[in-house]
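Residue numbers (the numbering used here), protein chains in the order written: chain A, 1 to 131; chain B, 132 to 492.
From the three backbone atoms N, C-alpha and C, an ideal C-beta is built for every residue, glycine too.
First comes the structure, then the notes that go with it.
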């Protein structure tokens, strides 16, 4: 199972990356794309939308199922990956390269605490393996 | 894999190929071998093969075979004159509800083969046995057989490359016709909307046949793309598009009923008395998205429901079969409720794709 050590994870199979500029990039894990099968459709949040941690904000659809995506961090959506929308299968090819959206955290301290509450690679691996 | 799962004679072949296995009607079956979409494209463009050994072939024999089937089935086997010719029929209850859909092959007036769905096999066999009372017939379920479907524009050609000795028996088969080749039955039938064969072989030979077909360049394909292919081809799936509570007239299956002559069959009286208020149509989603079973469809004539939906790999669009009010016409625009929001879809007459070509704009 591919679970990069540099990322943080949620129990609902999202990954979050703290970027150098303080923004957060979000995607779904390799385990999630494998479980979904061939991904054919994405619905991403609009830029400018404010999200709270745990808020349902996107949908990733395969032929098999529609999977809701929950924001790992509170913040404003500043970018969405149009390339992934145009080629949803890119998520199956590399779930960590095919990011979904980027957030500007509402508040640095809140962001630090929300990141701290996420799972690290080892903890997420246990969650995914137990499914 | 549950310890009560049934397995086909090809199970270890699937495991060796790295198939993702899932439960299907109590059988441990491959859903794909890597990519369901790639397998779908392989069938539309080249050649793919499916293990369909979970389905059940039932051999019927005896002097009463023809009258028995003319009583049992909604379609009329009297239409089958050429040896090996087959037809698609519903098996109905007295009240006209669909017990199963099946294919029946005629060999002689005293010899037929019927192939039924995996999930309904036990039910069908029990029903057929019960209905055989009073007919001089024998029903033999053939669990000693494996069945492999090779489908695609290059399927028959690649099959003959793998088995040149089978060419003579199968080269002149017309669609919906079968022939024996030693103890194999080769049928020019399928569930994909592409040309090809469905081959029944003794179970002990199955793994070797599968390996040789693979060697000839036929791609192993799982149940995942089997569903997207049949839906593109406008073919019903029993248990989803129709079941015992549904009349064939509301499942797009009126064409499979032979009602016009004096032949009485189980369910005929009920069908003749029905006044359908719903019809089966196709839907093409007009925006990008996936259509799914049970989504509500809003039309100017009332609500309907999607029975089978998917994202068509060939058309790159959401497609569905839907049961809608009878007044809806092909060409109408309707609204599908996806996650609480309406999305426009066009009503079309299936099929969506056959022989690699789109039938819808």
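Under the three-state DSSP convention, the category residue i falls into
i, result
"residue 315 of chain B", "strand"
"residue 91 of chain A", "helix"
"residue 399 of chain B", "helix"
"residue 421 of chain B", "coil"
"residue 158 of chain B", "strand"
"residue 447 of chain B", "coil"
"residue 85 of chain A", "helix"
"residue 295 of chain B", "helix"
"residue 301 of chain B", "helix"
"residue 67 of chain A", "strand"
"residue 224 of chain B", "coil"
"residue 368 of chain B", "coil"
"residue 231 of chain B", "strand"
"residue 126 of chain A", "helix"
"residue 117 of chain A", "helix"
"residue 132 of chain B", "Any reading at residue 132 of chain B must be qualified, since the residue scores a pLDDT of 49, below 50, and its modelled position is unreliable; no value is offered."
"residue 48 of chain A", "coil"
"residue 173 of chain B", "helix"
"residue 322 of chain B", "coil"
"residue 94 of chain B", "There is no way to answer for residue 94 of chain B, as the model of chain B reaches only from 132 to 492."
"residue 210 of chain B", "helix"
"residue 204 of chain B", "strand"
"residue 376 of chain B", "coil"
"residue 340 of chain B", "helix"
"residue 429 of chain B", "strand"
Chain-ordered chain B contacts of residue i [CB-CB under 7 Å]
i, result
"residue 41 of chain A", "419, 420, 421, 442"
"residue 38 of chain A", "166, 167, 168"
Cβ-based neighbour list, residue i, same chain, cut-off 6 Å, excluding 5 preceding and 5 following
i, result
"residue 244 of chain B", "188, 190, 236"
"residue 132 of chain B", "Residue placement at residue 132 of chain B is poorly supported in this model, since its pLDDT is 49, which falls under 50; the coordinates still yield a value, given next. Correct list, in chain order: 159."
"residue 226 of chain B", "401"
"residue 17 of chain A", "7, 25"
"residue 242 of chain B", "192"
"residue 173 of chain B", "179, 350"
"residue 480 of chain B", "461"
DSSP bridge partner residues for residue i (one or two, in chain order)
i, result
"residue 15 of chain A", "A:9, A:27"
"residue 263 of chain B", "Answer is none; residue 263 of chain B lacks a bridge partner."
"residue 355 of chain B", "In the DSSP output, where bridge partners are listed per residue, residue 355 of chain B has none listed."
"residue 454 of chain B", "B:411, B:436"
"residue 308 of chain B", "B:216"
"residue 191 of chain B", "B:243, B:270"
"residue 468 of chain B", "B:473"
"residue 484 of chain B", "B:489"
"residue 80 of chain A", "A:101"
"residue 528 of chain B", "Nothing can be reported for residue 528 of chain B: it is not among the residues displayed for chain B, which extend from 132 to 492."
"residue 59 of chain A", "A:43, A:68"
"residue 237 of chain B", "B:243"
"residue 442 of chain B", "B:449"
"residue 350 of chain B", "B:179"
"residue 151 of chain B", "B:163"
Under 8 Å from the C-beta of residue i: neighbouring residues of chain D
i, result
"residue 323 of chain B", "Of the protein chains in this structure, namely A and B, none is chain D."
Cross-chain neighbours of residue i in chain A, by beta carbon under 9 Å
i, result
"residue 371 of chain B", "None at all; the shortest Cβ gap to chain A is about 14 Å."
"residue 355 of chain B", "37, 38, 63, 64"
Neighbour list for residue i in chain B, Cβ cutoff strictly below 9 Å
i, result
"residue 132 of chain A", "With chain A covering 1 to 131 only, the question about residue 132 of chain A has no answer from this structure."
Neighbourhood of residue i by C-beta distance below 7 Å, restricted to the same chain and skipping five residues each side
i, result
"residue 438 of chain B", "371, 372, 424, 452, 453, 454"
"residue 292 of chain B", "347"
"residue 120 of chain A", "8"
"residue 199 of chain B", "263, 266, 268"
Which listed residue (the options) has its alpha carbon closest to that of residue i
i, options, result
"residue 70 of chain A", "A:11, A:110, A:2, A:38", "A:11"
"residue 422 of chain B", "B:275, B:444, B:402, B:410", "B:444"
"residue 64 of chain A", "B:426, B:149, B:162, B:304", "B:162"
"residue 135 of chain B", "B:147, B:153, B:145, B:473", "B:153"
"residue 361 of chain B", "B:164, B:323, B:406", "B:323"
"residue 28 of chain A", "A:52, A:37, A:46", "A:37"
"residue 72 of chain A", "A:104, A:35, A:126, A:90", "A:104"
"residue 31 of chain A", "A:108, A:93, A:116", "A:93"
"residue 274 of chain B", "B:484, B:166, B:184, B:343", "B:184"
"residue 432 of chain B", "B:204, B:365, B:408, B:448", "B:408"
"residue 300 of chain B", "B:308, B:222, B:312, B:306", "B:312"
"residue 13 of chain A", "A:68, A:80, A:106", "A:68"
"residue 216 of chain B", "B:317, B:155, B:139, B:252", "B:317"
"residue 107 of chain A", "A:75, A:56, A:118", "A:75"
"residue 206 of chain B", "B:218, B:280, B:196, B:212", "B:218"
Neighbour list for residue i in chain B, Cβ cutoff strictly below 8 Å
i, result
"residue 66 of chain A", "421, 423, 470"
8 Å Cβ cut-off: residues of chain A touching residue i
i, result
"residue 359 of chain B", "63"
Cβ neighbours of residue i in the same chain (closer than 8 Å, five flanking residues each side left out)
i, result
"residue 464 of chain B", "417, 475, 476, 477, 478"
"residue 428 of chain B", "414, 434, 435, 436, 437, 453, 455, 465, 466, 467, 468, 476"
"residue 260 of chain B", "270"
"residue 395 of chain B", "202"
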